[in-house]
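Asker: Everything in the sequence shown is counted per the working numbering, starting at 63 for the first residue and increasing by one.
From the three backbone atoms N, C-alpha and C, an ideal C-beta is built for every residue, glycine too.
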Amino acid sequence: MRLLRERAALTQRELGEQVGYSEELIRSMERGRRTPQPEFLDAADEKLGAGGLLRAAKEDVARAKARARVKHPTWFRNYAKLEADAVELSFFSSLTVPGLLQTEEYARTTFMARQPLLDEATIEQRVTARLARQEILTRWPSPMVSAVIDESVLRRAVGGSEVRQGQLKHLKHLSHLRSTTIQVLPMACEDHAALEGPFILLAPRGRPQLAYVEVQSVNRLITDTEEVRILAARYGSIRGQALSPHESLALIEQLLGEA
Numbered sequence: 063m064r065l066l067r068e069r070a071a072l073t074q075r076e077l078g079e080q081v082g083y084s085e086e087l088i089r090s091m092e093r094g095r096r097t098p099q100p101e102f103l104d105a106a107d108e109k110l111g112a113g114g115l116l117r118a119a120k121e122d123v124a125r126a127k128a129r130a131r132v133k134h135p136t137w138f139r140n141y142a143k144l145e146a147d148a149v150e151l152s153f154f155s156s157l158t159v160p161g162l163l164q165t166e167e168y169a170r171t172t173f174m175a176r177q178p179l180l181d182e183a184t185i186e187q188r189v190t191a192r193l194a195r196q197e198i199l200t201r202w203p204s205p206m207v208s209a210v211i212d213e214s215v216l217r218r219a220v221g222g223s224e225v226r227q228g229q230l231k232h233l234k235h236l237s238h239l240r241s242t243t244i245q246v247l248p249m250a251c252e253d254h255a256a257l258e259g260p261f262i263l264l265a266p267r268g269r270p271q272l273a274y275v276e277v278q279s280v281n282r283l284i285t286d287t288e289e290v291r292i293l294a295a296r297y298g299s300i301r302g303q304a305l306s307p308h309e310s311l312a313l314i315e316q317l318l319g320e321a
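1) In terms of DSSP beta bridges, what is Tyr141 paired with?
2) State buried or exposed for Gln316, treating a residue as buried only when at least 16 other CB atoms are found within 10 Å of its CB.
3) Going along the chain, which residues of its own chain have a beta-carbon closer than 6 Å to the beta-carbon of Ala105, five neighbours each way excluded?
4) Any idea what DSSP makes of Gln293, helix, strand or coil?
5) Mapping DSSP to helix, strand and coil, what is Val123?
6) Using 10 angstroms around the beta-carbon of His232, count the other beta-carbons present and answer buried if the total reaches 16, otherwise exposed.
7) Between Glu150, Ala175, Ala71, Gly94, which has its C-alpha nearest Arg267's C-alpha?
8) For Val280, list the residues DSSP reports as bridge partners.
9) Find the nearest neighbour of Glu101 within the set Glu86, Val123, Arg95, Arg89, judged by alpha-carbon distance.
10) Per DSSP, which residues does Pro266 bridge with? Please list them.
11) Suppose contacts are defined by Cβ-Cβ distances below 8 Å. Is Leu283 in contact with Leu272 by that definition?
12) Counting beta carbon pairs with one atom in the segment 141-156 and one in the segment 200-208, are three or more of them shorter than 8 Å?
13) How about Ile244 and Ser310: do their beta carbons lie closer than 8 Å?
14) If you count every other CB in all the chains shown that lies within 10 Å of the CB of Gln164, and 16 or more means buried, which is it?
15) Pull up the CB-CB distance for Pro307 and Ser214, whole angstroms please, since I reckon it's below 8 Å.
16) Find out if the Cβ-Cβ distance for the pair Val225, Glu167 is shorter than 8 Å.
17) Could you pull the DSSP bridge partners for Gln196 from this structure?
18) Looking only at its chain, what residues have a beta carbon closer than 7 Å to the beta carbon of Arg75, apart from the 5 residues adjacent to it on each side?
19) Measuring straight from C-alpha to C-alpha, what distance separates Glu108 and Leu65?
20) Suppose you measure from the CA of Leu313 to the CA of Gly161; what does that come to, to the nearest Å?
21) By the 10 Å Cβ neighbour count, where 16 or more other Cβ atoms means buried, how is Gln229 classified, buried or exposed?
22) Identify, in the order they occur along the chain, each residue of the same chain with its Cβ nearer than 8 Å to the Cβ of Val290, setting aside the five sequence neighbours on each side.
23) Under the assumption that Arg304 contacts Leu239 (Cβ atoms under 8 Å), give the Cβ distance between them as a whole number of angstroms.
24) What does Met91 pair with, by DSSP beta-bridge criteria?
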């Protein structure tokens with residue numbers, strides 16, 4: 063794919079704009095860290111004048127995906143299975159960008175910063191697993207995803223200014239997906255409803271809504287109906303206190319301009 067793109071004299075950003083994918087996604091696919099979706103192979107084949115070469119790879123890609131074994135930490139596997147089957151996902155993040163919305167470089171930084179330190183092989187394994195989870199954002203049908211991200215998360219230069227800028231660009235791209243809604247909780251909000259910390263709500267197909275909490279290496283999948291109801295109510299309050307999706311996109315663009 064990279065050779066075809068270079069032959070067409072297109073940058074990763076330009077190809078992404080033409081086929082409706084972010085520069086980050088194109089980069090990850092060219093590095094072999096992201097598996098291309100069939101729809102992408104069709105669009106890229108046409109834009110790059112591949113003459114059916116990329117389309118012909120769809121069956122091979124499908125077989126490779128079926129054989130692949132994404133390795134999540136044992137404590138995370140139950141959540142990962144539920145997330146993959148979810149029809150709705152809601153994130154409140156006050157520390158980092160939600161993993162499902164992270165760029166490769168941002169994700170790698172979060173794993174490299176872990177203490178005790180992770181070895182290089184484990185870091186690469188977890189980055190690959192995190193990126194693989196993100197395929198649900200571009201599959202069809204995709205789950206309805208909403209995320210409320212604290213403004214401080216977007217202002218913190220995790221991994222440095224270049225990584226931060228790439229992450230902001232990726233969030234800008236994701237905000238244009240029909241199935242994804244991104245809102246920013248402004249720092250001017252003095253008393254929001256989730257001062258107790260981040261959490262995730264998810265609705266697996268055909269099952270009641272659940273919640274997931276993870277902080278300081280402590281993780282918990284919440285199935286109690288009343289606890290889930292309370293968190294869902296908090297999430298509703300947070301969304302009401304956050305900037306609208308349009309205002310949030312404007313803030314992301316403003317932060318990009320300041321970077």
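Answerer: Looking at the coordinates:
1) The count along the sequence shown starts at 1 and reaches residue 141 at position 79. Looking at the DSSP assignment, Tyr141 forms no beta bridge with any residue, so it has no partner.
2) If you number the sequence shown from 1, residue 316 lands on position 254. Exposed, because fewer than 16 other Cβ atoms sit within 10 Å of the Cβ of Gln316.
3) Numbered from 1 along the sequence shown, position 43 holds the residue referred to as residue 105. These residues qualify, in order along the chain: Val81.
4) Mapped onto the sequence shown, residue 293 falls at position 231. According to the sequence provided, residue 293 is Leu. The question's Gln does not apply to it. In the structure shown, Leu293 sits in a helix (DSSP, three-state: H, G or I).
5) Here residue 123 refers to the residue found at position 61 when the sequence shown is read from its first residue. Helix.
6) Here residue 232 is taken as the residue at index 170 of the sequence shown, counted from 1. Buried: at least 16 other Cβ atoms inside 10 Å.
7) Position 205 of the sequence shown, counted from the start, is the residue given in the question as residue 267. When each option's Cα is compared against that of Arg267, the closest is Glu150.
8) To locate residue 280, count along the sequence shown from 1; it is residue 218. The partner list for Val280 (beta bridge, DSSP) reads Val277.
9) Taking the first residue of the sequence shown as position 1, residue 101 is located at position 39. Nearest C-alpha to Glu101: Val123.
10) Stepping through the sequence shown from its first residue, residue 266 is reached at position 204. Pro266 pairs with Ala148.
11) Within the sequence shown, residue 283 is the residue found at index 221, counting from 1. Within the sequence shown, residue 272 is the residue found at index 210, counting from 1. Yes. Within cutoff.
12) yes
13) Reading the sequence shown from its first residue, position 182 is the one you call residue 244. Reading the sequence shown from its first residue, position 248 is the one you call residue 310. Their beta carbons are under 8 Å apart, which means Ile244 touches Ser310 by this criterion.
14) Residue numbering aside, residue 164 sits at position 102 when the sequence shown is read from its first letter. It is buried - the Cβ of Gln164 has at least 16 other Cβ atoms within 10 Å.
15) Taking the first residue of the sequence shown as position 1, residue 307 is located at position 245. Taking the first residue of the sequence shown as position 1, residue 214 is located at position 152. Pro307 to Ser214, Cβ: 19 Å. No contact.
16) The residue you call residue 225 lines up with position 163 of the sequence shown. The residue you call residue 167 lines up with position 105 of the sequence shown. For Val225 and Glu167, yes; Cβs fall inside 8 Å.
17) Position 134 of the sequence shown, counted from the start, is the residue given in the question as residue 196. Gln196 pairs with nothing; no bridge assigned.
18) Position 13 of the sequence shown, counted from the first residue, corresponds to residue 75. Correct list, in chain order: Glu85.
19) Counted from its first residue, the sequence shown places residue 108 at position 46. Counted from its first residue, the sequence shown places residue 65 at position 3. If I take the Cα positions, the gap works out to 15 Å.
20) Translated into positions along the sequence shown, residue 313 becomes position 251. Translated into positions along the sequence shown, residue 161 becomes position 99. The straight-line gap from Cα to Cα measures roughly 21 Å.
21) Locating residue 229 in the sequence shown gives position 167, where the first residue counts as 1. It is buried - the Cβ of Gln229 has at least 16 other Cβ atoms within 10 Å.
22) The sequence position of residue 290 within the sequence shown is 228, counting from 1. Correct list, in chain order: Leu263, Pro270, Gln271, Leu272, Ala273, Ile284.
23) Reading the sequence shown from its first residue, position 242 is the one you call residue 304. Reading the sequence shown from its first residue, position 177 is the one you call residue 239. Residue 304 is actually Ala in this sequence, not Arg. About 18 Å; that fails the 8 Å criterion.
24) Within the sequence shown, numbered from 1, the residue matching residue 91 stands at position 29. BP columns for Met91 are empty, so no partner.
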